[in-house]
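Presented below is the structure to which this report refers.
2 protein chains.
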Amino acid sequence: MNHPENHNLSDAQNELYEWIKSYIRDFNHSPSIRQMMQAMGLRSPAPIQSRLKHLQQKGFISWQEGKARTLQIVDEVLGGVPIMGSVAAGGLIETYSDVNENLDFSEILKKKNIFALTVNGDSMIDACIADGDMVLMEKITDSYSLRNGTIVSAMVPGLGTTLKYFSKKNGKIFLEAANPLYEPIELNLDEVIIQGKLLAVWRRV
Amino acid sequence: MNHPENHNLSDAQNELYEWIKSYIRDFNHSPSIRQMMQAMGLRSPAPIQSRLKHLQQKGFISWQEGKARTLQIVDEVLGGVPIMGSVAAGGLIETYSDVNENLDFSEILKKKNIFALTVNGDSMIDACIADGDMVLMEKITDSYSLRNGTIVSAMVPGLGTTLKYFSKKNGKIFLEAANPLYEPIELNLDEVIIQGKLLAVWRRV
DNA sequence: TGTATTAGAGTACATTTGTTTTATTTTTGA
DNA sequence: TCAAAAATAAAACAAATGTACTCTAATACA
Numbered sequence: 014m015n016h017p018e019n020h021n022l023s024d025a026q027n028e029l030y031e032w033i034k035s036y037i038r039d040f041n042h043s044p045s046i047r048q049m050m051q052a053m054g055l056r057s058p059a060p061i062q063s064r065l066k067h068l069q070q071k072g073f074i075s076w077q078e079g080k081a082r083t084l085q086i087v088d089e090v091l092g093g094v095p096i097m098g099s100v101a102a103g104g105l106i107e108t109y110s111d112v113n114e115n116l117d118f119s120e121i122l123k124k125k126n127i128f129a130l131t132v133n134g135d136s137m138i139d140a141c142i143a144d145g146d147m148v149l150m151e152k153i154t155d156s157y158s159l160r161n162g163t164i165v166s167a168m169v170p171g172l173g174t175t176l177k178y179f180s181k182k183n184g185k186i187f188l189e190a191a192n193p194l195y196e197p198i199e200l201n202l203d204e205v206i207i208q209g210k211l212l213a214v215w216r217r218v
Numbered sequence: 014m015n016h017p018e019n020h021n022l023s024d025a026q027n028e029l030y031e032w033i034k035s036y037i038r039d040f041n042h043s044p045s046i047r048q049m050m051q052a053m054g055l056r057s058p059a060p061i062q063s064r065l066k067h068l069q070q071k072g073f074i075s076w077q078e079g080k081a082r083t084l085q086i087v088d089e090v091l092g093g094v095p096i097m098g099s100v101a102a103g104g105l106i107e108t109y110s111d112v113n114e115n116l117d118f119s120e121i122l123k124k125k126n127i128f129a130l131t132v133n134g135d136s137m138i139d140a141c142i143a144d145g146d147m148v149l150m151e152k153i154t155d156s157y158s159l160r161n162g163t164i165v166s167a168m169v170p171g172l173g174t175t176l177k178y179f180s181k182k183n184g185k186i187f188l189e190a191a192n193p194l195y196e197p198i199e200l201n202l203d204e205v206i207i208q209g210k211l212l213a214v215w216r217r218v
């Protein structure tokens with residue numbers, strides 16, 4: 014589907030390839046050659062090895078030689094969703110292109126210093142962050158490297174935590190909402206702890 | 014971290030548990046017992062077996078008996094991000110709670126009939142879908158089950174594809190933007206193909 | 001202190017599993 | 001049609017691997 018050379022696969026190779034992918038999806042580990050053999054209705058491991066070799070040569074799979082169940086789908090991005098193109102949200106001008114990319118969550122999910130927060134309220138609505146959204150934040154250790162205009166989750170001891178635009182000027186920290194109904198907050202450096210900066214927004218409908 | 018009974022683990026068990034998790038993160042497959050043995054600086058597989066048994070009894074891991082490298086982290090949600098609580102976006106009222114949940118992408122990623130689109134334009138801005146956002150769509154086979162008010166990607170043959178609110182009334186289909194600048198589109202049933210309905214919105218910052 | 005419990009080392013074994021080899025069958029292509 | 005290539009079956013092998021067992025050392029506990 015998402016592999017450019019998928020058409021180079023023979024039927025048998027493609028069937029095996031698809032089966033392996035679905036097995037890994039279901040069990041979270043690679044099948045053994047004899048399992049593949051059985052699934053393909055064969056009574057010998059040799060054909061499977063041959064197909065695996067071809068799949069490997071064509072760049073579809075890889076494994077650690079001699080190690081059991083180490084097979085891996087090469088370009089199956091963990092948490093990838095095929096991107097079918099772009100869509101107009103301003104008129105009927107664009108159409109699906111056959112861009113074969115993947116929306117890749119794994120990149121962000123591999124980071125260890127990220128966490129998620131549920132958004133309460135609408136103070137960031139003009140930044141398109143709505144009530145109920147999940148925000149993925151990256152933990153901040155030093156707020157010195159933060160650029161003005163970054164969206165951060167900031168904790169003011171004794172008051173609580175909030176999601177705001179961050180800026181720093183003349184030794185003061187300003188926390189600004191993306192909603193004119195809310196007033197900016199001005200704080201001294203030691204009155205606020207910046208906990209994380211915004212990496213991504215996620216909204217289930 | 015995200016397991017409620019993590020404190021029930023001995024140091025040795027916890028060290029092994031963390032090592033296994035990082036190994037699986039790195040290699041996408043389970044380590045073998047002898048690899049664990051080596052990583053823990055042991056010269057016998059017996060201690061590893063004992064620790065694995067304890068980890069299993071406490072519900073941290075599972076595996077298929079007798080099968081190589083089938084070990085699995087039980088509550089490690091594929092594509093999970095720890096949810097640290099909620100954050101106020103409307104004032105300083107909320108604080109991190111120690112909710113130990115996971116933002117779970119795997120649920121949606123397991124579906125086979127989903128695809129992603131890049132959003133162009135601002136016609137859905139009032140629905141908090143901005144230019145450049147990725148929308149995750151679920152393929153629609155029959156538009157009859159669609160509820161009015163659903164956001165869909167619709168293709169009007171000869172014109173293109175667009176992201177709009179869907180509604181149906183008196184045998185007509187209406188596609189409405191979430192932006193007063195855009196006029197609703199009225200179409201006959203056979204003039205439009207509904208390709209997918211909105212499942213989620215993803216925005217990298 | 002002495003005993004019970006646990007952890008670890010060492011060893012051994014059976015199964016799983018990747019790999020190789022050879023012969024046979026099927027498919028392919030000229 | 002016929003020869004070459006590929007696929008498959010069958011068997012065997014060796015390495016990897018999970019598991020079980022015994023013995024020793026460390027630890028906990030009363």
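Protein sequences appear in the order of chains A and B.
Per our numbering, the very first residue in the first sequence carries number 14; after that it's consecutive.
Per our numbering, the very first residue in the second sequence carries number 14; after that it's consecutive.
For every residue, glycine included, the Cβ atom is placed at its ideal position computed from N, Cα and C.
Since this is a predicted model, take the numbers as computed values, not measurements.
Cβ pair residue i, residue j closer than 8 Å
| i | j | result |
| --- | --- | --- |
| V87 of chain B | G72 of chain B | yes |
| Q62 of chain A | I74 of chain A | no |
| T131 of chain A | H42 of chain B | no |
| N161 of chain A | F179 of chain A | yes |
| L29 of chain B | R56 of chain B | no |
| I207 of chain B | A167 of chain B | yes |
| I96 of chain B | N115 of chain B | yes |
| E204 of chain A | V169 of chain A | yes |
| A81 of chain B | A81 of chain A | yes |
| A143 of chain B | D155 of chain B | no |
| L200 of chain A | I186 of chain A | yes |
| L202 of chain A | G184 of chain A | yes |
Same chain, Cβ closer than 8 Å to residue i, neighbours up to 5 away in sequence not counted
| i | result |
| --- | --- |
| G104 of chain A | Summary for G104 of chain A: the model assigns pLDDT 47, below 50, so the residue's position carries little reliability; its value from the coordinates is reported in the next sentence. Nothing listed; no residue qualifies. |
| Q69 of chain A | S75 and W76 |
| L194 of chain A | S136 |
| H20 of chain A | Here H20 of chain A scores only 45 on pLDDT, less than 50, and its place in the model should not be relied on; the value that follows carries that caveat. Here the set comprises nothing. |
Sequence-distant residues of its chain with Cβ nearer than 6 Å to residue i (five each side left out)
| i | result |
| --- | --- |
| Y36 of chain B | P44 |
| I13 of chain B | Residue 13 of chain B lies beyond the stretch modelled for chain B, which goes from 14 to 218, so this question has no answer here. |
| W76 of chain B | T83 and L84 |
| M49 of chain B | I61 |
| V165 of chain A | F179, I207 and K210 |
| L159 of chain A | F179 |
| C141 of chain A | none |
| D146 of chain B | V132, V214 and R216 |
| L22 of chain B | none |
Three-state secondary structure (DSSP) of residue i
| i | result |
| --- | --- |
| R160 of chain B | coil |
| W215 of chain B | strand |
| I74 of chain A | strand |
| L68 of chain A | helix |
| K34 of chain A | helix |
| E196 of chain A | coil |
| I86 of chain A | strand |
| L130 of chain A | strand |
| N27 of chain A | helix |
| A52 of chain A | helix |
| A3 of chain A | Residue 3 of chain A is absent from the structure shown; chain A starts at 14 and stops at 218. |
| I61 of chain A | helix |
| I186 of chain B | strand |
| L176 of chain A | strand |
| D203 of chain A | helix |
| I153 of chain A | coil |
| D39 of chain B | helix |
| L116 of chain B | strand |
| K210 of chain A | strand |
| I106 of chain A | Legend: pLDDT at I106 of chain A = 38, less than 50; position of this residue unreliable, value from coordinates given subsequently. Note: I106 of chain A maps to coil in three-state DSSP. |
Sequence-distant residues of the same chain with beta carbon closer than 7 Å to residue i, five excluded per side
| i | result |
| --- | --- |
| H67 of chain B | Q26 |
| Y109 of chain B | Interpretation of Y109 of chain B is limited by its pLDDT of 48, a score under 50 that renders its predicted location unreliable; the figure taken from the coordinates is listed afterwards. Here the set comprises M97 and G98. |
| P58 of chain A | I46, R47 and M50 |
| V112 of chain A | Per-residue confidence for V112 of chain A stands at a pLDDT of 49, beneath the threshold of 50, marking its modelled position as unreliable; the derived number appears in the next sentence. I96 and G98. |
| A190 of chain B | S136, M137 and K177 |
* Members of the segment 54-85 of chain A that neighbour chain B once the beta carbon cut-off is set at 7 Å -> A81, R82, T83 and Q85
* Asked: Is the segment 197-215 of chain A close to the segment 147-162 of chain A, with three or more CB pairs under 8 Å?
  -> yes
* Asked: Which residues, in chain order, does the segment 126-157 of chain B contribute to contact with chain A at a C-beta distance below 9 Å?
  -> I127, F128, A129, L130, T131, V132, N133, G134, D135, S136, M137, I138, A140, C141, I142, A143, D144, D146, M147, V148, L149 and M150
* To do: Below 8 Å between beta carbons is the criterion; list the residues of the segment 33-47 of chain A that meet it against any residue of chain B, in chain order.
  => R38, F40, N41, H42, S43 and S45
* Asked: Going along the chain, which residues of the segment 199-213 of chain B sit with their C-beta nearer than 7 Å to a C-beta in chain A?
  -> L211, L212 and A213
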